[in-house]
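S.K.:
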Amino acid sequence: MSKLGIYLHTPFCVKKCAYCDFYSAPGTPEAMDAYADALCAHIRSSEMAGRGADTVYFGGGTPTVLGVRNLVRILAAVRETFALDPDAEITLEANPGDLCLRPQDGGNAFLPALAILYAAGFNRLSFGVQSSSDAELALLGRRHRFEDARRAVLAARCVGFENLTLDLMYGLPGQGMDTWHKSIEDLLALAPEHLSCYALKLEPGTPLFVFFGELPDDETCLQQYLYAVDTLAAAGYRQYEISNFALPGRASRHNRKYWIGAPYLGFGPSAHSFSGGVRWAWADDTAAYTRGVYREKERLTLSVRDALEEDIMLGLRTTRGLDPAVLPDGMQADAAAILEKYVPHGLVRREGPRYLLTPRGMFVSNAIISELFGIIPD
Amino acid sequence: MDQKNIRNFSIIAHIDHGKSTLADRLLELTGSVEKRDMESQLLDNMDLERERGITIKARAVRLEYKADDGQTYHFNLIDTPGHVDFNYEVSRSLAACEGAVLIVDASQGVEAQTLANTYLAIENNLEIVPVINKIDLPAADPARVKQEIEDIIGIVAEDAPEISAKNNINIHEVPERIVRDIPPPGGDPSAPLQALIFDSQYDSYRGVIVYIRVMEGTLRTGDTVLMMATGAKFEVVETGYMRALSLEPADCLTAGEVGYFTASIKSLGDTHVGDTVTLAARPAAEALPGYRKVQSMVYSGVYPADGARYDDLHDALDKLVLNDASLSYEPETSTALGFGFRCGFLGLLHMEIIIERIEREFNIDLITTAPSVVYHVHLTNGEEQVIENPLKFPDPALIDYAEEPFVRANIMTPTDYVGNIMELCQQRRGVFRDMTYLDKTRVEIHYELPLNEIIYDFFDALKSRTRGYASLDYEFLGYRKSDLVKLDIMLNGEIVDALSFIVFREEAYPRARRICEKLKENIPRQLFEIPVQACIGGKIIARETVKALRKDVLAKCYGGDITRKKKLLEKQKEGKKKMRSLGSVDVPHEAFMAVLKFDE
């Protein structure tokens, strides 16, 4: 039986970023302690207790606002409940600006917080650096400056973290090729093992959506993206998914589970799970969750069609690609024809029996994938 | 009923001048409809008619009115369609009447359409009863409007009732005027039968219900009737009167009366509007004058958006034609659109109505090709071809000359806009005929125009150049020589046959440019560049490019929320389904319609 990935959601942020529409809100220290209690209890009550797991991912929100003590005891609850591999990948998303011990946890120093987390078994940190331009960071509503990020990375290295991933954003309002080049250069100088590059998407209801009219046009975004792909490749980072790049052997094992249809369990409001052909998610209600009411907001048993769509989508979004032979007989020729059509336009390439999206193709992957969805028989 | 107590009349009015509202008031006043059954504008009983506020098909109803003189009168109100597309139906409805109530809006005055229908009424020797409506509007000027009626139409309007149909002001005067001014019908009940068909309707139980006005003689249940134009014979199953909410059987219909008969008639094709019904055993010596076969003026390819629904579309047309003999159709195939039908319509409004009814009542999404008039092409070998489909336009090398239909357009407008209108007509290849001052501020302009120039967007252009004040009416004149070419549109290097159309040579260039621009706007970006070209023969005369889509990606897939991403892709797939794949290019339905509308 394949090993589980465990996802732990923190629905708190000190302050919401200007582009974020994920589920999170500010919380008091007491609320966070109570939330951590509920999360631990939920983990311990899992129906899949005892199963093997090999990745743990603390995401959010901003997990680090829970405080070191809470993070450590949540991880302990995971270890107690699941048979966690000794070499499990344990990732913590961290805001470069606030990795510190809360006063009630006994301090305000940067190094000890990271040291405690490292000692507790966290071995991969994900820093939402986003940009090396402080102007862009301010625009995004981030609370850190690039210098904070640089220091956080250095501190993590000092403590012993050997696996760091940094987030970068392009397609920002007013972002030119020059600041984008500089951001990549500055982040590469920090020598992370892994990088994620996301295009800013204006989500309705976010402050950025309301405020900014002028985003770089699609052509500029494409050029930014292609520059990143090329530059990161030259620096030894292999693109293994639309937005993800890693040094050899450093692709995120947890995220890979999402792409290959491996099982994962999510805990916390709005967290998603997938196991045994069923996807489910917990309701976006932190207050109820904290009281121990674990209500599902959706549950979907994958139909043959759903499964097929996911194979297509997840295959083409990654370097796994799509071999038409895995599709039902009736679809193979149509799928190959659609993909073949884009080969001369440089959007798709062939590697043996598999079709893969080129970086240009990845940038229009929605159109290609939805076109393939269209040939799935009803 | 004694002939002297019968009044057969119709109501003539411009759209929005209040015809249907007045009809409703008369129905109420005569107790023909209980208040609770009153739907606003009852006479227009198709949903579509009620929404558009216009009458599409003529309807008739018999009302009983107890007049101030103490006698009871039978009013036969024959409603008429109010649009130029249905001119012939209007003329036949009027022929069934002795009089017409002319409604004129107290603020708007006489409009071209009103005038056209009034002329038709006068031609049919009808007594005109003018009524000034909407007198409660702030802008109402009944005195001016009455003067206008006298000046323009040449009838006495001095003592015309001033009413508000909407607010029930002075309504009573209208039926009294009908009794007083409209003559009773004549005709000899014992003469050979001559009955005029002015409308018919298909009923799935009884077959065709034929609406007639008996001019001479008597029609009884059980008679065998002969349709004089088609030669068809039927045995009459039922005769009777049309009431507001139902049909009321009666033993017979006699000269002067308006009513219906049924005779297990399976198809409207046997009951042409304008035909004369007579008795097979004792036929009339001659048919009533004025009959002509309805001819389609505008043709268009009609295709199901989803090719799998061809059979459904076929069924829909079969059903619609039962109730609308002026619709014609035959199967057609397009490389771009697959299987569909070439449909013939009376005009553009008729076309829009049919398309909307198919989409609404039968729930089939449609794609229609550019409406086309019927061209006559004379080949060098002496042969003449009638072309109602651009695809059949012959090779230019074989053409001696081509002809296109012309119409005489009557436009009424405030004098301020004469310049604008002339400019428009000139642009549309109009030939100026004359201009008459109706009064100090209004003129009637006559132009001869190619019908083709009118069917697209002429009316809209006219309205926008006159702030909605001008009104238009037109009649068919005949065919005239014209320099015509076929314009083809290519997407990604392939001709899209459904977009081809025939155009006056000098207009081909500007129109080609505009169509390419429109297509560029309406075709969503796809993953590679798409050239949009227009050509005549093999020669490209306009080109645009739909740039390639560069970015269509959801980068972040947060916390394993695969479902959210997949839903977005599903939605995108659904959007794509709404498009037609032409060669390798996806074209949304709107693009087909958009190329037909040319904004100025």
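Sequence lines, in order, name chains U and F.
The numbering of the first sequence is the working numbering, which starts it at 4 and goes up by one.
The numbering of the second sequence is the working numbering, which starts it at 970 and goes up by one.
The beta carbon of each residue, even a glycine, is placed where N, CA and C say it ideally should be.
For the segment 278 to 308 of chain U, enumerate the residues whose C-beta is nearer than 9 Å to any C-beta of chain F, in chain order.
M.R.: Cβ contacts with chain F: Arg282, Ala284, Glu301, Leu303.
S.K.: Is there at least one Cβ from chain U nearer than 8 Å to F/Tyr1529's Cβ?
M.R.: Sequence inspection shows Gly at residue 1529 of chain F; the Tyr mentioned does not correspond to that position. So yes, F/Gly1529 belongs to the interface.
S.K.: Can you pull the chain F neighbours of U/Asp221, defined as C-beta to C-beta under 8 Å?
M.R.: Near U/Asp221 (Cβ distances below 8 Å), the residues of chain F are Leu1518, Arg1519, Lys1520.
S.K.: For F/Leu1071, does the three-state DSSP call read helix, strand or coil?
M.R.: It is a strand residue.
S.K.: Got a sec: which bits of the segment 341 to 373 of chain U sit with their beta carbon under 8 Å from any beta carbon on chain F, in order along the chain?
M.R.: Taking 8 Å as the Cβ-Cβ cut-off against chain F, the residues of the segment 341 to 373 of chain U that qualify are Lys344, Tyr345, His348, Leu350, Met365, Phe366, Val367, Ser368, Asn369, Ala370, Ile371, Ile372, Ser373.
S.K.: How about F/Phe1203 and F/Ala1232: are their beta carbons less than 8 Å apart?
M.R.: Cβ atoms of F/Phe1203 and F/Ala1232: closer than 8 Å.
S.K.: Which same chain residues, not among the five before or five after F/Leu1523, have their C-beta less than 6 Å away from its C-beta?
M.R.: The answer, listed in chain order, is Lys1534.
S.K.: Return yes when the Cβ of F/Val1205 is within less than 8 Å of the Cβ of F/Asp1192, no when it is not.
M.R.: Yes. Within cutoff.
S.K.: Just to confirm, are F/Gly1186 and F/Ala1160 a CB contact at a threshold of 8 Å?
M.R.: Yes, Cβ-Cβ distance for F/Gly1186 and F/Ala1160 is below 8 Å.
S.K.: Residues of chain F with CB closer than 7 Å to the CB of U/Ala3, please, in chain order.
M.R.: The requested residue 3 of chain U is not part of the displayed model; chain U covers only 4 to 381.
S.K.: Expressed to the nearest angstrom, what Euclidean distance is found between the alpha-carbon atoms of F/Gly1313 and F/Ile1356?
M.R.: F/Gly1313 and F/Ile1356: Cα-Cα distance of roughly 12 Å.
S.K.: Counting only beta-carbon separations shorter than 8 Å, does U/Gly269 have a partner in chain F?
M.R.: It does: the Cβ of U/Gly269 has a partner Cβ on chain F nearer than 8 Å.
S.K.: Excluding the 5 residues preceding and the 5 following U/Tyr26 in the sequence, name in chain order all residues of the same chain whose CB lies nearer than 6 Å to its CB.
M.R.: The residues are Pro14, Ser273, Asp287.
S.K.: Please indicate yes or no: does the CB of F/Ile1322 lie closer than 7 Å to some heavy atom of the ligand GTP?
M.R.: Ligands are entirely absent from the displayed structure, and the ligand GTP is therefore not among its contents.
S.K.: Could you name the residues of the segment 1465 to 1489 of chain F whose beta carbon sits closer than 9 Å to any beta carbon of chain U, in the order they occur along the chain?
M.R.: Result list empty, no residue passes.
S.K.: Return helix, strand or coil for U/Glu217, following the three-state DSSP convention.
M.R.: Three-state DSSP puts U/Glu217 in coil, outside helix and strand.
S.K.: Just verifying my parser: in three-state terms, what is the DSSP assignment at F/Ala1560?
M.R.: Of the three classes helix, strand and coil, the one that applies to F/Ala1560 here is helix, per DSSP.
S.K.: With DSSP as the reference, please indicate the residues paired to F/Val1267 in a beta bridge.
M.R.: DSSP, once it has assigned bridges, lists F/Phe1314 as partnering F/Val1267.
S.K.: Could you tell me which chain F residues have their CB closer than 7 Å to the CB of U/Tyr38, listed as they occur along the chain?
M.R.: Neighbours of U/Tyr38 on chain F: none; closest Cβ ~16 Å, over 7 Å.
S.K.: How many angstroms separate the CA atom of U/Ala67 from the CA atom of U/Val75?
M.R.: Note that residue 67 of chain U is Thr in the sequence shown, not Ala. Straight-line Cα distance between these residues: approximately 11 Å.
S.K.: Note the first and the last residue of the continuous beta strand (DSSP E) segment covering F/Val1177.
M.R.: Taken as a continuous stretch (DSSP letters only), the beta strand (DSSP E) holding F/Val1177 covers 1176 to 1185.
S.K.: In whole angstroms, what separates the C-alpha of U/Ile263 from that of U/Leu317?
M.R.: The alpha-carbon atoms of U/Ile263 and U/Leu317 are separated by roughly 7 Å.
S.K.: Cβ atoms of F/Ala1503 and F/Ala1481: under 8 Å apart, would you say?
M.R.: Yes, they are a contact pair.
S.K.: So which residues on chain U does F/Leu1538 lean against when the C-beta distance must stay under 8 Å?
M.R.: Within 8 Å Cβ-Cβ: Glu312, Met316, Asn369, Ile372, Ser373, Phe376.
S.K.: If you measure from the beta carbon of U/Cys224 to each beta carbon in chain F, is any gap under 8 Å?
M.R.: Closer than 8 Å to some Cβ of chain F, the Cβ of U/Cys224 qualifies, so yes.
S.K.: For a cutoff of 8 Å on Cβ pairs, would you count U/Tyr261 as touching chain F?
M.R.: Yes, contact with chain F.
S.K.: Mind checking if F/Leu1496 is an interface residue toward chain U, Cβ cutoff 8 Å exclusive?
M.R.: Answer yes: the Cβ-Cβ gap between F/Leu1496 and chain U drops below 8 Å somewhere.
S.K.: Note down the Cα distance separating U/Thr58 from U/Glu92, rounded to an integer number of angstroms.
M.R.: So the alpha carbons of these two residues sit roughly 5 Å apart.
S.K.: In whole angstroms, what separates the C-alpha of F/Asp985 from that of F/Gly1316?
M.R.: Between F/Asp985 and F/Gly1316, the C-alpha separation is close to 20 Å.
S.K.: Going by beta carbon distance, what residues of the same chain come within less than 6 Å of F/Leu1551, once the five residues before and after it are set aside?
M.R.: Hits under 6 Å: Ala1305, Leu1460, Val1465.
S.K.: Distance cutoff 8 Å, beta carbons only. Does U/His275 sit that close to anything in chain A?
M.R.: No chain A is part of this structure, whose protein chains are labelled U and F.
S.K.: Can you tell me which of the three DSSP states U/Ser5 falls into?
M.R.: Looking at U/Ser5 - three-state DSSP - the assignment turns out to be coil, as it is neither helix nor strand.
S.K.: What is the rounded straight-line gap between the Cα of U/Arg320 and the Cα of U/Ile245?
M.R.: Cα to Cα, U/Arg320 sits roughly 6 Å from U/Ile245.
S.K.: F/Thr1532 CB to nearest chain U CB: under 8 Å?
M.R.: At least one chain U Cβ lies under 8 Å of F/Thr1532.
S.K.: Excluding the five sequence neighbours on either side, which residues of its own chain have a C-beta within less than 6 Å of the C-beta of F/Phe1362, listed in chain order?
M.R.: Hits under 6 Å: Ile1356, Lys1455, Ile1471.
S.K.: Can you tell me where the alpha helix (DSSP H) with F/Ser1062 in it begins and where it stops?
M.R.: F/Ser1062 -> alpha helix (DSSP H) spans 1056 to 1064.
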